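A short worksheet on the structure shown next.
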Amino acid sequence: MIRSTIFLLLLLTLYPISCIEATASIPNILGNNLIDQTCKKTPYYDLCIQTLVSCPESFHTDLEGLAKITVGAIAHKASAALRRIETILAKKEHSKPAVREALNACASRYRAVVEQDVPETLMSLRTGNYKFASRGTNDAATEAMSCEEDFAAGESPLSDLNVAVHDVSVVAAAIVQAVIES
């Protein structure tokens, strides 16, 4: 577990800031057919494009590299969800026991994504164990939706982040699937 945490911290430290923050305008990607062709294979084309073009490395990598970039985006979004959970719990904004219980369950889910799923997926991509990488990206998507389901209807203070983590995880899973099929 400590190795995973250290690995993730290194990943997030070395992962260029430009890959995390989306740019205000998306450059013309027609010159890079790999990004366009890859994103067409995902269920969220626009999100895929936005995620990949926000990282300059995506223009100079292969399909496996694009998968790694989207897995980095999972780590970023899941970490943002964890930070929000910690902030909400620290402020005691939600006094309802059911909401606090759901927040704690979500924190556990997102810790699993950040500390286990992401590092294991990246390692699987590096070692060519693509089916295991696929499992990791799909697991991250499942954890995000499970977090959303932990709350009673309309009570989730994490809906936007749950959807963001789910959707980028599905994009990453589709790209890993494209790696498997290539």
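Read left to right, the sequence shown gives residues -22 to -1, 1 to 160 (mature numbering (1 follows the signal peptide of the UniProt record, and there is no 0)). Quick reminder that beta carbons are idealized off the backbone N, C-alpha and C, glycines included. Because the structure is a prediction, the values reported are computed rather than measured.
Please confirm whether A111 and A45 have their CB atoms less than 9 Å apart. Numbered from 1 along the sequence shown, position 133 holds the residue referred to as residue 111. Numbered from 1 along the sequence shown, position 67 holds the residue referred to as residue 45. Yes, the Cβ-Cβ distance between A111 and A45 is below 9 Å.
Roughly how many angstroms separate the alpha carbons of H144 and P75, rounded to a whole number? Translated into positions along the sequence shown, residue 144 becomes position 166. Translated into positions along the sequence shown, residue 75 becomes position 97. The C-alpha of P75 is placed about 26 Å away from the C-alpha of H144.
Assuming H54 is part of the alpha helix (DSSP H), what are its boundary residues? The residue labelled residue 54 in the question sits at position 76 within the sequence shown. H54 -> alpha helix (DSSP H) spans L41 to K69.
Go ahead and label I153 buried or exposed: buried means 16 or more other beta carbons lie within 10 angstroms of its beta carbon, across all protein chains shown. In the sequence shown, residue 153 corresponds to position 175, counting from 1. Buried, by the Cβ-count rule.
May I have the straight-line CA-CA distance separating V77 from E159, to the nearest angstrom? Locating residue 77 in the sequence shown gives position 99, where the first residue counts as 1. Locating residue 159 in the sequence shown gives position 181, where the first residue counts as 1. Computed Cα separation, rounded: 42 Å.
Where does K74 sit, in a helix, a strand or coil, going by DSSP? Within the sequence shown, numbered from 1, the residue matching residue 74 stands at position 96. Coil, per DSSP.
If you draw a straight line from the alpha carbon of E127 to that of R61, how long is it in whole angstroms? Locating residue 127 in the sequence shown gives position 149, counting from the first residue. Locating residue 61 in the sequence shown gives position 83, counting from the first residue. Rounded to whole angstroms, the separation of the alpha carbons of R61 and E127 is 19 Å.
By the three-class DSSP mapping on this structure, what secondary structure does S32 have? What you label residue 32 is simply residue 54 of the sequence shown in a count that begins at 1. DSSP places S32 in the coil class of the three-state scheme, outside both helix and strand.
Could you check the C-alpha separation between residue 161 and T99 for me, to the nearest Å? The chain is shown from -22 up to 160; residue 161 falls before or after that span and cannot be answered.
Could you check if N140 is buried or exposed, using at least 16 other CB atoms within 10 Å of its CB as the buried criterion? The count along the sequence shown starts at 1 and reaches residue 140 at position 162. So N140 ends up on the buried side.
Below 8 Å on the Cβ atoms is my contact criterion, and I expect A119 with A156 to pass it. Report the Cβ-Cβ distance as a whole number of Å. Working through the sequence shown from its first residue, we reach residue 119 at position 141. Working through the sequence shown from its first residue, we reach residue 156 at position 178. About 16 Å; that fails the 8 Å criterion.
Round the Cβ separation of S147 and A130 to the nearest angstrom and send it over; I've been treating them as touching at under 8 Å. For the purposes of this step, residue 147 is taken as residue 169 along the sequence shown, with counting starting at 1. For the purposes of this step, residue 130 is taken as residue 152 along the sequence shown, with counting starting at 1. The pair is not a contact, with the Cβ atoms about 24 Å apart (cut-off 8 Å).
Could you check if P97 is buried or exposed, using at least 16 other CB atoms within 10 Å of its CB as the buried criterion? Position 119 of the sequence shown, counted from the first residue, corresponds to residue 97. Result: buried.
Among P135, C125 and T115, nearest to G50 - alpha-carbon criterion: Here residue 50 is taken as the residue at index 72 of the sequence shown, counted from 1. For G50, the closest alpha carbon among the candidates P135, C125 and T115 is that of T115.
Count the other CB atoms within 10 Å of the CB of T105; is the residue buried (16 or more) or exposed (fewer)? Translated into positions along the sequence shown, residue 105 becomes position 127. Around the beta-carbon of T105, fewer than 16 other beta-carbon atoms lie within 10 Å, marking it exposed.
Given this structure, state the Cα-to-Cα distance separating K109 from E79, to the nearest angstrom. On the sequence shown, residue 109 is found 131 positions in, with the first residue counted as 1. On the sequence shown, residue 79 is found 101 positions in, with the first residue counted as 1. Spanning the alpha carbons of K109 and E79 requires a straight line of approximately 33 Å.
Distance between N82 and E133 (C-alpha atoms, nearest Å): Indexing the sequence shown from 1 puts residue 133 at position 155. Indexing the sequence shown from 1 puts residue 82 at position 104. In a straight line, the C-alpha of E133 is about 14 Å away from that of N82.
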